[in-house]
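Engineer: Input: one structure, supplied below.
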Amino acid sequence: MNNVKKVSPEAELDPRSRDLVFQMRGVSKSFPTPEGPLRLVLDDVNLDIQQGEFVCLLGPSGCGKTTVMNLLARFITPTSGTLLVHGEPLVAPNPKHVTIFQEHGLFPWRTVIDNVAFGVQAQGASKSDAREKAIKYLELVGLQEVATLFPHQLSGGMRQRVAIARALAVEPEVIFMDEPFSALDAFTRYRLQDEMLRIWQDQKTTIIFVTHDIDEAVYLGQKVVVMAPNPGRIEMVLPMNIARPCERTDSQFLYYRREIFKAFQLVHEWAPEYAI
Amino acid sequence: MWTINLRAQLDGWLAFLLVLLLWTGVAGFYTPEQLPSPLDVLKAFPELWEADMLGKHILVSMGRFLTAYGLAVVIGIPLGLWMGWVTRARQALDPIIQFLRPISPIAWFPLAVLWFGIGNAPAVFIIFLAAFFPVVVTTVSAVRQVNPLYLKVAYDFGAGPLMVFRQVVLPAAFPQMMNGLHIAVGTAWIHLVAGEMLGAQSGLGYFIVDSRNFLRTDWIIAGMIMVGAIGLIINRLMRTAERWIYRQWGQEAGSHE
Ligand SMILES: Nc1ncnc2c1ncn2[C@@H]1O[C@H](COP(=O)(O)OP(=O)(O)O)[C@@H](O)[C@H]1O
Ligand SMILES: [Mg+2]
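In order, the protein sequences belong to chains A and B. With positions in the first sequence counted from 1, the corresponding number in this note's numbering is that position plus 2. With positions in the second sequence counted from 1, the corresponding number in this note's numbering is that position plus 77.
In structure tokens form, the structure reads like this:
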């Protein structure tokens, strides 16, 4: 795979290509269906993601958000089009690009601290170094007190914070989050959103955050990528000019919220079954 | 909670008492050689103990049981892990396992005598077979049922195959493997008596057969009671261990009792 150099002409023309973490140019993805023929799940996706950016992928379920994320994480490869990572095509998954899943995926047989240490150990650190890192990042998410408990002894919100600490502990370049808070109650979700913003401002990590919650996308994203289904595609990319953290009642917040609602209204004319 | 528990226990004891009474009543119609009363059987215990006829057989049986069960675990777990993790190994070996599994371990007895002669070996072989298949089969399914999300997370952090196997697959599969070990203890203990009845010159199974030669029906029943009591104790120990592991892993206790 590595010696295959397939640089598309558009990418070479872009002088910024090396400052961008990700560049998608005309990316499409099809999956085989049980009946046989391929189904187009993503059509002609173009997206740039800069270093340190907080990008939200927003859209109704089934519009291909997870597929975009899986492409960026190189879990899957595009059917056509070009995906560049730091200007390089066809690179293998990078252990410094980590994913936080909706169902957190903590190991039930490990204590909180050993869960957080896992990723660091996986990347070659000794057990004691890994634990040191783990403590540092548990403190960052405010969970040093529960370091010796097991995941099943924690609330859903605390588990997701452990998962966040586990990702942060490897000091990643990019964090992918796939609807990480959608299983949590509203109050816990708001708290974790604030925490995520604080961590992002603190660590300067590039964050790609998948959500189907418009408020969440506006509250978190520097850039909101509005997606639509059938076939999955990017409807528009909205840069948010809001100081973070903002109030959910700010006029600016409400303005962008309305813009996105309008964007989806636009979608409604084409596909009324996806009403909000 | 407490009162319900107490009620359940009380009912258990009451039913037990009723069975004893029934047994005593029925025994009145038969000679002690045909059916001794519970009291006759109770009196057999001190007699057997003083003559050191029961204790030594129990020790021999326990030795065979531990040897055979230990062998089944030491061979069955690695084999099951290998078959669970490596698809080709499973595809190659699963048909053989599935073919041999339904053959009762007792059916192996003639071959076991031909191969190993009489003495310890055939009995150990039969107990081994009785434990081996449940251990292998549950280990394979334990590995295959490891939550794929755990593997995804581990690979995502860049963990190598050895770390994934040792630090993720093994612990994730462990509770269900433990359940298999628990089932295997039961089947192995059941086949211990059968194995010893057929060829051995010692052990609880032999003692039961030998007592019949003396027409000591009370000893036969005393031997059976020992088999039941030891089986119950072993089962309880395994269940406690299993529950502890499930609790530690934050899961619901296994359905197998
Ligand atoms: N591995 C796959 N095989 C077949 N179809 C898939 C696969 N992954 C996703 N899809 C399909 O692609 C569409 C988009 O899925 P997904 O990216 O998960 O959407 P979202 O995350 O926005 O809900 C869905 O219709 C889904 O069924
Ligand atoms: Mg999804």
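Ideal Cβ placement from N, Cα and C applies to all residues, glycine included.
Under 8 Å, do Val103 of chain B and Leu91 of chain B count as touching if we go by C-beta distance?
Structural biologist: The answer is no: Cβ separation not under 8 Å.
Engineer: Select from the region 86-112 of chain A all residues with a C-beta closer than 7 Å to any C-beta belonging to chain B, and list them in chain order.
Structural biologist: Correct list: Pro97, Val100, Thr101, Phe103, Glu105, Gly107, Phe109, Pro110, Trp111.
Engineer: Would you say Phe120 of chain A reaches chain B, if we count a Cβ-Cβ gap shorter than 8 Å as a contact?
Structural biologist: It does: the Cβ of Phe120 of chain A has a partner Cβ on chain B nearer than 8 Å.
Engineer: Do we get a CB-CB distance below 8 Å when we pair Gly161 of chain B with the residues of chain A?
Structural biologist: Gly161 of chain B does not count as touching chain A.
Engineer: To the nearest angstrom, how far is the alpha carbon of Ala265 of chain B from that of Ala145 of chain B?
Structural biologist: Approximately 8 Å, taken between the alpha carbons.
Engineer: Quick check on this structure: which residue in A:Ala124, A:Val172, A:Pro95 has the alpha carbon closest to the alpha carbon of Val245 of chain B?
Structural biologist: It is A:Ala124 whose Cα lies nearest to the Cα of Val245 of chain B.
Engineer: In chain order, which continuous runs of the beta strand (DSSP E) of length 3 or greater are located wholly inside the region 209-275 of chain A?
Structural biologist: Those beta strand (DSSP E) runs which fall completely within the region 209-275 of chain A and span 3+ residues are 225-230, 235-241.
Engineer: How should Leu15 of chain A be labelled, buried or exposed, when 16 other C-beta atoms within 10 angstroms of its C-beta is the threshold for buried?
Structural biologist: For Leu15 of chain A, the predicted model reports a pLDDT of 45, less than 50, meaning its position is unreliable and no value from the coordinates is stated.
Engineer: Is the Cβ of Trp321 of chain B closer than 8 Å to any Cβ of chain A?
Structural biologist: Not one chain A Cβ lies under 8 Å of Trp321 of chain B.
Engineer: What span of residues does the alpha helix (DSSP H) with His134 of chain B cover, start to end?
Structural biologist: Start and end: 132-162.
Engineer: Listing by chain order, which chain B residues have their CB less than 9 Å from the CB of Val172 of chain A?
Structural biologist: The contacting residues are Phe234, Gly235.
Engineer: Tell me which residues share the same chain as Gln278 of chain B and place their Cβ nearer than 8 Å to its Cβ, disregarding the 5 neighbours each side in the sequence.
Structural biologist: Closer than 8 Å at the Cβ level, and outside the excluded window around Gln278 of chain B, lie Ile195, Gly196.
Engineer: Just curious, the beta strand (DSSP E) that Asn96 of chain A is in, first and last residue?
Structural biologist: Neither: Asn96 of chain A is in no beta strand (DSSP E) and is coded neither H nor E.
Engineer: Go ahead and pull the three-state DSSP assignment for Ala136 of chain A.
Structural biologist: Correct three-state label for Ala136 of chain A: helix.
Engineer: Can you list, in chain order, the residues of the region 250-265 of chain B whose Cβ is nearer than 9 Å to any Cβ on chain A?
Structural biologist: Cβ contacts with chain A come from Phe251, Pro252.
Engineer: Name the residue from A:Trp202, A:Phe255, A:Gly234, A:Arg260 whose alpha carbon lies nearest to the alpha carbon of Ala63 of chain A.
Structural biologist: Here residue 63 of chain A is Ser; the residue named in the question, Ala, does not match the sequence. That would be A:Gly234, whose Cα lies nearest to the Cα of Ser63 of chain A.
Engineer: Hey, Gly161 of chain B and Val220 of chain B are a contact pair by Cβ (cut 8 Å); roughly how many whole angstroms apart?
Structural biologist: Contact holds; Cβ gap of about 3 Å.
Engineer: Kindly indicate the opening and closing residues of the alpha helix (DSSP H) around Lys229 of chain B.
Structural biologist: Where Lys229 of chain B is concerned, the enclosing alpha helix (DSSP H) stretches over 225-233.
Engineer: Between the region 201-217 of chain B and the region 139-153 of chain B, do three or more beta carbon pairs fall short of 8 Å?
Structural biologist: At 8 Å Cβ cutoff, the stretches touch.
Engineer: Buried or exposed: which applies to Lys264 of chain A, given that a residue is buried once 16 or more other Cβ atoms fall within 10 Å of its Cβ?
Structural biologist: Classification for Lys264 of chain A: exposed.
Engineer: I'd like to know whether the C-beta of Tyr227 of chain B is nearer than 8 Å to at least one C-beta of chain A.
Structural biologist: Judged by the 8 Å Cβ criterion, Tyr227 of chain B is in contact with chain A.
Engineer: Cβ of Cys58 of chain A within 7 Å of any heavy atom in ligand 1?
Structural biologist: No, the beta carbon of Cys58 of chain A sits no closer than 7 Å to any heavy atom of ligand 1.
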